[in-house]
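So the structure is just underneath, and the comments pick up after that.
Protein chains in written order, with full-length UniProt numbering: chain A, 1 to 551; chain B, 1 to 551.
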């Protein structure tokens, strides 16, 4: 199990202290662990780099997580801030790059237990949505921590439905400023990380009004705390939203704005702009505002969803090789629980999924990079496909990884329930990934909407994006499997999943049309098909996942 | 939804403050909420009693849970101890009985957030396994808190496999004492509640040795802390095992024994005894030692598994009636999320299950009481059936309730992830019920072993216990359902589940026999069928559950 070899957490911390049962399992591997490790890392050079980075982090006492389970929420927060500041210096010293592979290794090694992650999203949104001047002004300040940023989108009453956000930004043509307000309690920004105590600035998403007309949601850079004494700025009410299931180290916060004025230049204006006279100019699809979320979704798959599953598999499989309980053969020593069929059935599919997701992640990243290059050339054609793919895979992978971690936890019995096993916090953290950056059911329905649209286009002979050409090419017919061994053939189950995906999409499309033709209003008909639509979206993503491995 | 009316937690705490969307849902109920409430409680008189008890608890500031999510582990523990002591006084003042329905209402109202629960198990094990003299000596002391008990069975290296416990109790005929020892680290008692800081006494399960011969696991009352200054007794090493996924209020502990001597009278001897000369006398099945666990399993279904699901349903369904997000109809107000088909598909099956489990619980309790009366008459015939039923239902119900609570949590999006919603702690607590008092997979395999045995008996015409007579009476044939509406007919799916249960059991029995006939060793054959056996046990319990409602 080479996954167990990936990452420092897989090695016995004291040389020679390896449990003999574990050593024995390792010696009997039927493959070269080092070769597989290099393959997972993307080459032996990467493995060397990863090990160097992880060693540097793990040998640095500032990053120690030794007492974390005994710390108060405040101690966790302060430690996370200390780590973030120290990390900044260390990266500079070591010559590690923010955009290179190093940060990924670091993030995994510290298990995300570091402050100012929303600061990174703040920077990313400026880089993506800001003009060259805005990038030139804000990014250097942010990257040197001369300010600390956050990202304020979700409101107490509004998460999924961005159009429903109630925060307002009214353009005042006389002062060339936007006036931001929180008109009621439900409009209060709620959840932003780094907002409760840390952030000095934030990107606020608000309904833009010019001369009384609403232009929809736009992003604005707003200073919320003094750069001198960190006190709240005039018109700002902000604080911590209280305890959560995990993320004790993060100060998720709330924010209310009372006639807060920001200069015209603070609206991020790569794709649209308010001119001095109040003229509104758009430079591309309005959907581009959602692009930050698409990007975050892709990176959370590799950063937040897959590593916890890898870690949980490592912990649970190792434990199962060491824990002995009951006897398989009368008269013999108690058996390793890994030797029980039921334990294998629990853990091995999780391990296989961790490998599969590891490789699909590279593919998604590549797809996203390609789309991003197009968007920078002002070609927005791939945006709907990118949105559907990122949404669907985010939902599929986070759901699977969450269940997988829970299975690993429960497979370790009582010891898995102790915080000291590491499993409970992996679980309480990863479950949030099913909710944030788009609740999974909502994301699957957005994917389904794209699939239904493409299916309708394909059935009338129109061209469809590459990831859904199978909707046009589906063959009817029976399952070609002749015996149970056939189900081990990838081509058979790839075809079976393709068949299931097309059938679910086409039958739901037919049901939708039937309902509409029978007089049901369109929106009602849609609602009455949503359970099936979610199923169709899931199966289509599983199909793509399997198809990718058959390439 | 009358379940929402059951329990004080369902009522708006300030009169007249009910959210209008919620009030509207309540007004449009198609049935009498009060009648259904009374039915759930077991009669209007019970409802009155429950409300009185819950009111008394909720209006008492000692039981306030207001700040619980902001308290440290130590504050949680101290509050739980304070509540336990106060509750003892209050029960006496109010004339509430320990064995009556009051305790159940109290327990649900305080959400189990009270110390000395293992003290109750300590008392129960003495009542069940102790002689009349032992009961007369220990129970009065325990019920007046003149000592605090715990129950020390699980060891660091041994949970499931009781025969593997390593703690020893050697009878010293010269002093008429047992000498208890923890021979190695893996034999350390690990997990017992109330052990880390509170308990003065505990029931220790240890391998009994007389004149060098091992007689297996027996229970011994051992004092571990001074009744004067609460310091550890000589030869005792004990403390807290550290943080867990929940249960901050409980001091789960460890215990090591170094030549600790207890008098001969401290072995619980209702069913077996060591006489002064070292003669070992048995008075019934040795299996009776497991009876405490059977009893705990039954009571945890009603005490630990079902109420969290009820509460989670209440929270999530109410939230869904109040939370508005996105538009179902263009131009209208944002819709209640309860009106979305996907939300209904998530929540309503959980609500239905909560009702089903509520009623099956009464049936199980009755079955257990009947079995217990038989055992008191020294008739142990029903023990295997009782063990199989309690194991199977414990696994089925805790698993379902755990998934249900998770679904409810996730159905509330970000707000469900806040500890303040109550959902995360319901989840982190209920998941433990899948592990403690028998890990679910292990329990299902024990149920399966019973089922296979009964199936073999039935196929050779022998009589089988009442709950498995269907194994003999199964009819072959096709599913009688003719259209999809037929699947709403209880008789159809009861028969379908019966068919599935018999088929899974019979096909696994056949596979087992085939393997053995082909030369595979019996234990190996068993292990190679365990995934199927678990499935068979699950389906058989679902069948019994459905069958119960068709009575």
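All residues carry an ideal CB built from backbone N, CA and C; glycine is no exception.
{"query": "Quick one: which chain B residues come within Cβ less than 9 Å of residue 635 (chain A)?", "result": "Nothing about residue 635 (chain A) can be reported from this structure: the residues present for chain A run from 1 to 551 only."}
{"query": "Would you say residue 531 (chain B) reaches chain A, if we count a Cβ-Cβ gap shorter than 9 Å as a contact?", "result": "yes"}
{"query": "Going by DSSP in three states, residue 172 (chain B) sits in which element: helix, strand or coil?", "result": "strand"}
{"query": "Within 10 angstroms of its Cβ, does residue 424 (chain B) collect 16 or more other Cβ (buried), or is it exposed?", "result": "buried"}
{"query": "In chain A, what lies closer than 8 Å to residue 154 (chain B) by C-beta?", "result": "414"}
{"query": "Would residue 70 (chain B) and residue 243 (chain A) qualify as a contact pair, given that the criterion is a beta-carbon distance under 9 Å?", "result": "yes"}
{"query": "Please confirm if residue 214 (chain B) has its CB atom under 9 Å from at least one CB of chain A.", "result": "no"}
{"query": "Using the Cβ count rule (16 or more neighbours within 10 Å means buried), how would you classify residue 430 (chain A)?", "result": "buried"}
{"query": "So, at 6 Å on beta carbons, what are the nonlocal neighbours of residue 169 (chain A) in its own chain, with the 5 sequence-adjacent residues on each side left out?", "result": "178, 180, 206, 208 and 220"}
{"query": "CA-CA distance, residue 407 (chain B) and residue 34 (chain B)?", "result": "28 Å"}
{"query": "Within the 9 Å Cβ cut-off, does residue 462 (chain A) reach chain B?", "result": "no"}
{"query": "Just by C-beta distance, which residues in the region 330-343 of chain A are closer than 7 Å to chain B?", "result": "330, 334, 340, 341 and 342"}
{"query": "Answer yes or no: does any C-beta atom of chain A fall closer than 9 Å to that of residue 245 (chain B)?", "result": "yes"}
{"query": "Are there 16 or more other CB atoms within 10 angstroms of the CB of residue 421 (chain A), so buried, or fewer, so exposed?", "result": "buried"}
{"query": "Under the assumption that residue 254 (chain B) contacts residue 190 (chain B) (Cβ atoms under 8 Å), give the Cβ distance between them as a whole number of angstroms.", "result": "5 Å"}
{"query": "When you compare only the Cα positions, how much space is there between residue 125 (chain A) and residue 100 (chain A)?", "result": "19 Å"}
{"query": "Just confirm the distance between the C-beta atoms of residue 92 (chain B) and residue 149 (chain B), as a whole number of angstroms; I'd bet it's less than 8 Å.", "result": "Between residue 149 (chain B) and residue 92 (chain B) the Cβ distance is about 19 Å, and since that is not below 8 Å, they are no contact."}
{"query": "How big is the Cα-Cα spacing for residue 402 (chain A) and residue 293 (chain B)?", "result": "31 Å"}
{"query": "Near residue 390 (chain B), what residues of its chain come up, given a Cβ to Cβ distance below 6 Å and the 5 sequence neighbours on each side ignored?", "result": "294, 297 and 298"}
{"query": "Which residues in chain A have a C-beta closer than 8 Å to the C-beta of residue 424 (chain B)? List them in chain order.", "result": "244, 245 and 428"}
{"query": "Look at the alpha carbon of residue 250 (chain A) and the alpha carbon of residue 382 (chain B), and state the distance between them as a whole number of angstroms.", "result": "55 Å"}
{"query": "Residue 218 (chain A) bridges to which residues according to DSSP?", "result": "A:206"}
{"query": "Is it buried or exposed, residue 478 (chain B), if we count other Cβ atoms within 10 angstroms and call 16 or more buried?", "result": "exposed"}
{"query": "Determine, for residue 395 (chain A), whether the minimum Cβ-Cβ distance to residues of chain B falls below 9 Å.", "result": "no"}
{"query": "When you compare only the Cα positions, how much space is there between residue 282 (chain A) and residue 22 (chain B)?", "result": "43 Å"}
{"query": "Is there contact here, the region 263-281 of chain A with the region 328-340 of chain A, by at least three beta-carbon pairs under 8 Å?", "result": "no"}
{"query": "How is the beta strand (DSSP E) around residue 236 (chain B) delimited, first residue to last?", "result": "236-240"}
{"query": "Based on Cα-Cα distance, which residue from B:57, B:302 and B:37 lies nearest to residue 394 (chain B)?", "result": "B:302"}
{"query": "Which term fits residue 554 (chain A), buried or exposed, when burial requires 16 or more other beta carbons within 10 angstroms of its beta carbon?", "result": "Missing from the structure shown is residue 554 (chain A); chain A here goes from 1 to 551 and no further."}
{"query": "I want to verify the contact list: residues of chain A whose CB lies under 7 Å from the CB of residue 548 (chain B), in sequence order.", "result": "Ordered by position in chain A, no residue passes the 7 Å Cβ test against residue 548 (chain B), which lies about 27 Å from the chain."}
{"query": "Specify the secondary structure class of residue 96 (chain B) as computed by DSSP and reduced to three states.", "result": "coil"}
{"query": "Would residue 305 (chain B) pass as an interface residue toward chain A - the criterion being a Cβ-Cβ separation below 9 Å?", "result": "no"}
{"query": "With DSSP as the reference, label residue 529 (chain B) as helix, strand or coil.", "result": "coil"}
{"query": "Label residue 238 (chain B) either buried or exposed according to how many other C-beta atoms from any shown protein chain fall within 10 Å of its C-beta, with 16 as the threshold for buried.", "result": "buried"}
{"query": "With respect to the beta strand (DSSP E) encompassing residue 262 (chain B), which residues constitute its N-terminal and C-terminal limits?", "result": "260-263"}
{"query": "In this structure, how does DSSP classify residue 336 (chain A) when only helix, strand and coil are distinguished?", "result": "strand"}
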